[in-house]
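Asker:
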Amino acid sequence: MTDTAPLAPPPPPSGPGDPDALEPAAPRRVSGRRAQWRPSALGLLALLTALVLALPVLAVAAHLFDRSEIMGHIMATLLPRYIENTLWMMAGVPLGVAVIGTGCAWLTTMCRFPGRLIFDWALILPLAAPAYILAYVYSDFLQHSGPVQTGFRALMGWTPREGWFPNIRSLPGAILMFTLTLYPYVYLLARAAFLEQSVGVFEAARTMGCSALQAFRRIALPLARPAIATGVALALMETLADFGAVQHFGVQTFTTGVYRAFYSYGDPVAAAQLASMLLGFVALLLVFERVSRGKRGFQSSGVYKVLPGYRLRGWRAAGAVAACTTPILFGFLLPGGLMVAMSIEAGNLFEARTLGLIWNSFSLAAVAAVVAVLTALLLAYANRLDRSKIARGAVRAAGLGYAVPGSVIAVGLLIPLGAADNALDAWMRETVGVSTGLIFTGGVAALVYAYLVRFMAVALQTVEAGLTKVTPSMDDASRTLGRGPWRTAKDVHAPILSTSLLTAGLIVFVDVMKELPATIILRPFDFNTLAITAYNLASDERLTQSAAPSLMIVLVGLLPIIILSRRIAAARPGAAAKRRRKRGRLGTAASAR
1068 MTDTAPLAPP PPPSGPGDPD ALEPAAPRRV SGRRAQWRPS ALGLLALLTA LVLALPVLAV
1128 AAHLFDRSEI MGHIMATLLP RYIENTLWMM AGVPLGVAVI GTGCAWLTTM CRFPGRLIFD
1188 WALILPLAAP AYILAYVYSD FLQHSGPVQT GFRALMGWTP REGWFPNIRS LPGAILMFTL
1248 TLYPYVYLLA RAAFLEQSVG VFEAARTMGC SALQAFRRIA LPLARPAIAT GVALALMETL
1308 ADFGAVQHFG VQTFTTGVYR AFYSYGDPVA AAQLASMLLG FVALLLVFER VSRGKRGFQS
1368 SGVYKVLPGY RLRGWRAAGA VAACTTPILF GFLLPGGLMV AMSIEAGNLF EARTLGLIWN
1428 SFSLAAVAAV VAVLTALLLA YANRLDRSKI ARGAVRAAGL GYAVPGSVIA VGLLIPLGAA
1488 DNALDAWMRE TVGVSTGLIF TGGVAALVYA YLVRFMAVAL QTVEAGLTKV TPSMDDASRT
1548 LGRGPWRTAK DVHAPILSTS LLTAGLIVFV DVMKELPATI ILRPFDFNTL AITAYNLASD
1608 ERLTQSAAPS LMIVLVGLLP IIILSRRIAA ARPGAAAKRR RKRGRLGTAA SAR
């Protein structure tokens, strides 16, 4: 019978001296060498995408070894201070965002205390507040003539020259501003990791007598480490690339040095060389994060039930409420209240042009977020499926633009795109006799391009963190059931990645809403956004008038933040079963009535 043919025993293995045994070994060695240096079609597409994203950085790096008259003076006088301040921020900001973000994520996910459901979404609110806006608000609030010092001196009966108060316009003040506005990066990713962990390991920990703190330290924290490391890296790259807050506080870093070299000294070569040094810091950061993470990822037993909650009472509940309230109070409520008061005082909150500014900012951020997530998916899958070193190196290089100041990216784009505009215009004049004008640099396409370069690391690292949850065994099981690559991606990968994709899109959306330098340089004529208007007013020291567009940036970003929080809660293992039980209880009660 022919249907019994597959059950025939395999032929006996060949001995070491059998020449037939050498034939299959040689192709495997050749294919292994090819896999290292010959990317597939997907790898080539990822390489092309990475080259396009790296174009502005390459244009800047092309001036790395050019001679500069100003660079010698900068290296002798200012460069040591740039390095020192940058290193202090690289030490202070990660510590702050990791402690606040991870701690609050654990409390809201695994503990039960009053107000926990409110803290679930409220802890994300500071993500919508730009660091430079917090710097402006707190500078006005805590300065010598501000309400805090004035009221305290009046209470103590001091003269204006008496008393000592910490200076908010300092390096510790800048670290505090970045911590308050960037800790949601860690909170979002850590909370998603905690929600997706298996209940079986926690039940086993309780059976063995582990307390809540021991379960957090020994089980939850190691499993969530890839997500926490990703959030810290994103926050640190955002810190290294910031300009508005450090400039306002008088903290000299590489970004302020780039601006000074480019705008004050008029030396693009020196600015490019300082930007290249900043890229070196980012490369070291990414290498350290990858090496420290190793091959660790998300692990699960596959048994999903409602996660066990640790009910807090007494002083523990009060401590949890205080720990979750403090970052919301100082990162959102207090500066938000101050901005509302200043907007009411200025009377420009409901001007007619505000709707146009909201539409410009919202549409630009939405387009950039969608394009960034799709591009990140391409790069992440290329890194997962293509084993060639070329493709993997290209994916890693695609995320380096996050720490480059927006103005440097804009200048790096203006050089090649401006040359392309001039070449196209000259060719059209010669052949058709029509001038094309500024096609590449005169529209919003250049802005979206700059945003992709600037924020690709945000989307890429978030998508990759979610893709680590898709184990190879899931793909093998899907292929065994007859599903091809596309059906596997649709039926298996998409449900698992949905939360990570939404998180990546939201982070890019909010970051684009706050992006300032690249928007100012590359924006089309008479095209303004909320960030541009707020910065222009604040730079003229009209802080009261700048409060209204700054407040609108926060308000526009609230809706997607709330949607994200509800989506993460709905994706929690056991949430669907809990909703079904609730509906069943309601139906039983209705039948009884």
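Here this note's numbering = 1-based position in the sequence shown + 1067.
The C-beta atom is built at its ideal place from N, Cα and C for all residues, glycine as well.
1. Identify which residue in Met1177, Phe1316, Thr1586 has its Cα closest to the Cα of Ala1387.
2. Run the CB neighbour count on Ala1490, radius 10 Å, all protein chains shown included, and call it buried at 16 or more, exposed below.
3. Based on DSSP bridge pairs, tell me the residues matched to Arg1378.
4. Rounded to a whole number of angstroms, what is the C-alpha to C-alpha distance between Leu1446 and Val1354?
5. Going by Cα to Cα distance, which pick from Glu1263, Pro1562, Arg1183 is closest to Arg1378?
6. Examine the ligand ATP and report whether any of its heavy atoms sits within less than 6 Å of the Cβ of Leu1610.
7. Are Pro1193 and Gly1398 closer than 7 Å when you measure CB to CB?
8. Take Gly1381 and list the residues in its own chain whose beta-carbon comes closer than 6 Å to its own, dropping the five residues that flank it on each side.
9. Please state whether the Cβ-Cβ distance between Ala1435 and Val1515 is less than 7 Å.
10. Quick check: what's the CA-CA separation for Met1223 versus His1211?
11. How is the alpha helix (DSSP H) around Gly1216 delimited, first residue to last?
12. Under 7 Å Cβ to Cβ from Phe1316, same chain only, skipping five residues before and after it: list those, please.
13. Using the rule of at least 16 other Cβ atoms within 10 Å of the residue's Cβ for burial, across every protein chain shown, is Glu1305 buried or exposed?
14. If we call anything under 7 Å between Cβ atoms a contact, is Ala1432 one with Phe1576?
15. State the DSSP-derived secondary structure class of Phe1232, mapped to helix, strand or coil.
16. Between Ala1113 and Thr1392, what straight-line distance do the alpha-carbon atoms span, to the nearest angstrom?
17. Quick check on Ala1305: does DSSP put it in helix, strand or coil?
18. Beta-carbon separation of Tyr1469 and Ala1384 under 7 Å?
19. When the Cα atoms are used, what is the spatial distance from Ala1312 to Ser1606?
20. Of the residues Thr1566, Ala1601, Ala1532, Ile1150, which one's Cα is nearest the Cα of Thr1297?
21. Which of the three DSSP states is assigned to Lys1456 in this structure?
22. Apply the 10 Å Cβ neighbour rule to Pro1076 and answer buried if 16 or more other Cβ atoms are within range, or exposed otherwise.
23. Could you check whether Gly1324 and Leu1341 sit closer than 7 Å to each other, using their CB atoms as the reference points?
24. Of all the options Arg1521, Leu1548, Val1559, which has the alpha carbon lying nearest to the alpha carbon of Lys1536?
25. Taking the C-alpha atoms as reference points, what is the distance between Thr1611 and Thr1246?
26. Return the CA-CA distance between Ala1350 and Val1475, expressed in angstroms with no decimal places.
27. Given a cut-off of 7 Å, decide if Phe1261 and Ala1165 are closer than it, judged by their beta-carbon atoms.
28. Can you list, in chain order, the residues of its chain whose CB lies under 8 Å from that of Ser1098, leaving out five sequence neighbours each side?
29. So, for Ile1425: in the same chain, excluding its five sequence neighbours on each side, which residues have a beta-carbon less than 8 Å away from its beta-carbon?
30. Report the rounded CA-to-CA distance for Arg1179 versus Trp1155, giving the unit in angstroms.
31. With Asn1489 as the anchor, note down where its alpha helix (DSSP H) starts and where it stops.
32. For Tyr1332, which residues in the same chain have their Cβ closer than 6 Å to its Cβ, ignoring the five residues on either side in sequence?
33. According to DSSP, is Ala1461 helix, strand or coil?
34. Distance check for Leu1505 and Leu1122, CA to CA, integer angstroms please.
35. In chain order, what residues of the same chain lie with their CB nearer than 6 Å to the CB of Gly1369, ignoring the 5 residues before and after it?
36. Could you tell me the distance, in whole angstroms, from the CA atom of Asn1603 to the CA atom of Thr1586?
Answerer: Straight from the coordinates:
1. Stepping through the sequence shown from its first residue, residue 1387 is reached at position 320. Looking only at Met1177, Phe1316, Thr1586, the smallest Cα-Cα distance to Ala1387 is reached by Met1177.
2. Position 423 of the sequence shown, counted from the start, is the residue given in the question as residue 1490. Exposed, by the Cβ-count rule.
3. Here residue 1378 corresponds to residue number 311 of the sequence shown, with the count starting at 1. Its beta-bridge partners are Arg1179.
4. The sequence position of residue 1446 within the sequence shown is 379, counting from 1. The sequence position of residue 1354 within the sequence shown is 287, counting from 1. Cα to Cα, Leu1446 sits roughly 18 Å from Val1354.
5. By 1-based counting over the sequence shown, the position of residue 1378 is 311. Out of Glu1263, Pro1562, Arg1183, Arg1183 has the C-alpha closest to the C-alpha of Arg1378.
6. No copy of the ligand ATP occurs in the structure displayed, which carries no ligand at all.
7. Counting from one through the sequence shown, the residue named residue 1193 turns up at place 126. Counting from one through the sequence shown, the residue named residue 1398 turns up at place 331. Result yes, Cβ atoms of Pro1193 and Gly1398 sit closer than 7 Å.
8. Numbered from its first residue, the sequence shown carries residue 1381 at position 314. Cβ neighbours of Gly1381 beyond the five flanking positions: none.
9. As a working mapping, residue 1435 is identified with position 368 in the sequence shown. As a working mapping, residue 1515 is identified with position 448 in the sequence shown. Yes, the Cβ-Cβ distance between Ala1435 and Val1515 is below 7 Å.
10. The residue you call residue 1223 lines up with position 156 of the sequence shown. The residue you call residue 1211 lines up with position 144 of the sequence shown. For Met1223 and His1211, the distance between alpha carbons rounds to 15 Å.
11. Residue mapping note: residue 1216 aligns to position 149 of the sequence shown, counting from 1. Contrary to the premise, residue 1216 reads as Gln rather than Gly in this sequence. It spans 1214-1223 - the alpha helix (DSSP H) in which Gln1216 sits, taken as one unbroken run.
12. Here residue 1316 refers to the residue found at position 249 of the sequence shown. Cβ neighbours of Phe1316 beyond the five flanking positions: Ala1202, Arg1236, Ser1237, Gly1240, Ala1241.
13. Locating residue 1305 in the sequence shown gives position 238, where the first residue counts as 1. That one is buried.
14. Taking the sequence shown and counting its residues from 1, the one referred to as residue 1432 is at position 365. Taking the sequence shown and counting its residues from 1, the one referred to as residue 1576 is at position 509. For Ala1432 and Phe1576, yes; Cβs fall inside 7 Å.
15. For the purposes of this step, residue 1232 is taken as the residue at position 165 of the sequence shown. For Phe1232, the secondary structure class from DSSP, reduced to helix, strand or coil, is coil.
16. Here residue 1113 refers to the residue found at position 46 when the sequence shown is read from its first residue. Here residue 1392 refers to the residue found at position 325 when the sequence shown is read from its first residue. Ala1113 and Thr1392: Cα-Cα distance of roughly 43 Å.
17. The sequence position of residue 1305 within the sequence shown is 238, counting from 1. Reading off the sequence shown, one finds Glu at residue 1305, where the question assumed Ala. Looking at Glu1305 - three-state DSSP - the assignment turns out to be helix.
18. Indexing the sequence shown from 1 puts residue 1469 at position 402. Indexing the sequence shown from 1 puts residue 1384 at position 317. For Tyr1469 and Ala1384, no; Cβs fall outside 7 Å.
19. One-based indexing of the sequence shown puts residue 1312 at position 245. One-based indexing of the sequence shown puts residue 1606 at position 539. Looking at the two C-alpha atoms, the distance is approximately 12 Å.
20. Looking up residue 1297 in the sequence shown gives position 230. Comparing Cα positions, the closest option is Ala1532.
21. Taking the sequence shown and counting its residues from 1, one reaches residue 1456 at position 389. Lys1456: helix per DSSP, three-state reduction.
22. By 1-based counting over the sequence shown, the position of residue 1076 is 9. Bear in mind that the predicted position of Pro1076 carries a pLDDT of just 45, short of 50, making it too unreliable to give a figure here.
23. Counting from 1 along the sequence shown, the entry for residue 1341 is found at position 274. Counting from 1 along the sequence shown, the entry for residue 1324 is found at position 257. Yes.
24. The residue labelled residue 1536 in the question sits at position 469 within the sequence shown. That would be Val1559, whose Cα lies nearest to the Cα of Lys1536.
25. Against the sequence shown, residue 1611 aligns to sequence position 544. Against the sequence shown, residue 1246 aligns to sequence position 179. Each residue's alpha carbon lies about 25 Å from the other.
26. As a position in the sequence shown, residue 1350 is number 283, starting the count at 1. As a position in the sequence shown, residue 1475 is number 408, starting the count at 1. So the two alpha carbons sit approximately 17 Å from each other.
27. Walking along the sequence shown from the start, residue 1165 turns up at place 98. Walking along the sequence shown from the start, residue 1261 turns up at place 194. No. Outside cutoff.
28. The residue labelled residue 1098 in the question sits at position 31 within the sequence shown. At Ser1098 the pLDDT is 48, less than 50, meaning the model places this residue with poor confidence; the figure from the coordinates comes in the next sentence. Around Ser1098: no qualifying Cβ.
29. For this step, residue 1425 is matched to residue 358 along the sequence shown. Result list for Ile1425: Leu1597, Met1619, Val1623, in chain order.
30. Along the sequence shown, one-based indexing puts residue 1179 at 112. Along the sequence shown, one-based indexing puts residue 1155 at 88. The alpha-carbon atoms of Arg1179 and Trp1155 are separated by roughly 36 Å.
31. On the sequence shown, residue 1489 is found 422 positions in, with the first residue counted as 1. 1473-1498 is the extent of the alpha helix (DSSP H) around Asn1489.
32. Here residue 1332 is taken as the residue at index 265 of the sequence shown, counted from 1. Excluding residues within five positions, the ones whose Cβ falls inside 6 Å are Ile1137.
33. If you number the sequence shown from 1, residue 1461 lands on position 394. Note: Ala1461 maps to helix in three-state DSSP.
34. Position 55 of the sequence shown holds residue 1122. Position 438 of the sequence shown holds residue 1505. Leu1122 and Leu1505 have their C-alpha atoms roughly 19 Å apart.
35. If you number the sequence shown from 1, residue 1369 lands on position 302. Residue confidence for Gly1369 is low, a pLDDT of 45 falling below 50, so the modelled location carries little weight; the figure read from the coordinates is stated next. Taken in chain order, the list of residues that qualify is empty.
36. Along the sequence shown, one-based indexing puts residue 1603 at 536. Along the sequence shown, one-based indexing puts residue 1586 at 519. CA-CA distance, Asn1603 to Thr1586, rounds to 12 Å.
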